[in-house]
Structures are given as C-alpha cells and as structure tokens.
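Have a look at the structure below before the remarks.
This is the structure:
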C-alpha cells in the first residue's frame, strides 16, 4: 500500500473514531453533513501535520505553554476542532482559539493558523507574505500557497489532499519531516512563488 493510501486510511479511521460522535452524525441534516465531515477531516489532518513538524525551542515560553491552534475566518466550523483540546502535540496541551483578523495574532501565541476564508482578505494576504514568526499557516485552496501560506488543502477526485510550501516553512524556522513531504500532492521548494 502506498504512503498516501496509508495516510488517507489512517486519517479516515481517526476521524470516524474520534471526531464523529454517532448521535451527532444522526442529527446532521444532509446539506451540512458533508461540509462538517470535510472540516473534521481537515482537523484530523492538522493534528497529524503537527506531529511531523518541529518548531524552534525558543518559540515556546516554557515547557508548560499550551500548543495554540488558531482558526481564522468562518467561525461556523470551530466546533469541528474543539475535540482536539483533549489531545496533545509534542507533549503540550492543545488550545483552540478563534481570531477575526491577522492583526490580533500579534498579541497571542499561535503555532498553527488555519485560515478558512476564500478568497483571502487583503490583511490576511499581507500577513502571509510578511510573517516571519514560526507559525504553520494552513489554508483551504491551492491559491493559499501562492499568497505565502505553507500548507494548502486541495480536493482531487473527491478526496482531500494537500500541498506544501517547504521554502516558506524554512524561512519561518519550521522543519517539516521528509515523511510528511512525501505524502504531499505537491511540494514547493524554491524561493519562487508557485
């Protein structure tokens, strides 16, 4: 079985066992269920991305500082990520927060930023281009990488895939494991925009 197939099956099993509560799934109407399922799958991906990425030691104030994941954009899927708060990343408790604009990120700790909006606001595009902090930025389309993001979800053949901008991650002192890079649909390694 290929690495991509293995990762997809692992994440699907994780989503089904952890993120979908049976009575919750029964209560969903048919219009919202597919969208909620997509965001739960993305939450599982984000959780697993973090296992394959190293942040610089100085990014954390101390060993007890929580691992902050910030959701920016449409707030309606925030609950799809809240189940992550019972887990840990690199031994740190996960803290899920919501942010309305990138300007507010300057006053809070953030290790992963997931931007749900498409198209991106001008402020978000500016943040992605100019940010030099070790924040893993993740977005919802291939255009996210062109805007300066690090990981972009892309949908192919009714499956959620991802692309990685490794050069941007390096610029921000994030080290992405070669195992994760191999699973990406596409990896950008040059300093040029894709």
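Residue numbers (the working numbering): 2 to 195.
We treat Cβ as the ideally placed atom computed from N, Cα and C, and that holds for glycine.
query	result
Using a threshold of 8 Å, state whether the C-beta atoms of residue 68 and residue 90 are closer than that.	yes
Applying the 10 Å Cβ sphere with the 16-neighbour rule, what's the burial state of residue 131?	exposed
Can you tell me whether DSSP reads residue 181 as helix, strand or coil?	helix
Look at residue 169 and residue 149 and say whether their C-beta atoms are less than 8 Å apart.	yes
DSSP state of residue 188, grouped into three classes?	strand
Assess contact between the segment 160-169 and the segment 38-57, defined as three or more Cβ pairs (one per stretch) separated by less than 8 Å. Is contact present?	yes
Within 10 Å of its beta-carbon, does residue 176 have 16 or more other beta-carbons around it, so buried, or fewer, so exposed?	exposed
Are there 16 or more other CB atoms within 10 angstroms of the CB of residue 138, so buried, or fewer, so exposed?	buried
Nearest to residue 57 by CA position, among 154, 133, 188, 185, is which residue?	133
Tell me which same chain residues have a C-beta within less than 7 Å of the C-beta of residue 185, skipping the five on either side of it?	163, 164, 165
Quick check on residue 23: does DSSP put it in helix, strand or coil?	Confidence is the limiting factor: at residue 23 the pLDDT is only 36, short of 50, which leaves the residue's position unreliable, though a coordinate-based value still follows. Of the three classes helix, strand and coil, the one that applies to residue 23 here is helix, per DSSP.
Kindly indicate which three-state DSSP category residue 124 falls into: helix, strand or coil?	helix
Drop a sphere of 10 angstroms on the beta-carbon of residue 35, count the other beta-carbons inside from all chains shown, and report buried for 16 or more, exposed for fewer.	exposed
Assuming residue 97 and residue 112 form a contact by the criterion Cβ under 8 Å, report the distance between their Cβ atoms to the nearest whole angstrom.	About 12 Å separates the two Cβ atoms, so there is no contact after all.
Between residue 78 and residue 117, is the Cβ-Cβ spacing less than 8 Å?	yes
Who are the Cβ neighbours of residue 103 in its own chain at under 6 Å, not counting the five residues just before and after it?	124, 125, 128
Over the uninterrupted beta strand (DSSP E) stretch that includes residue 100, give me the two end residues.	93-100
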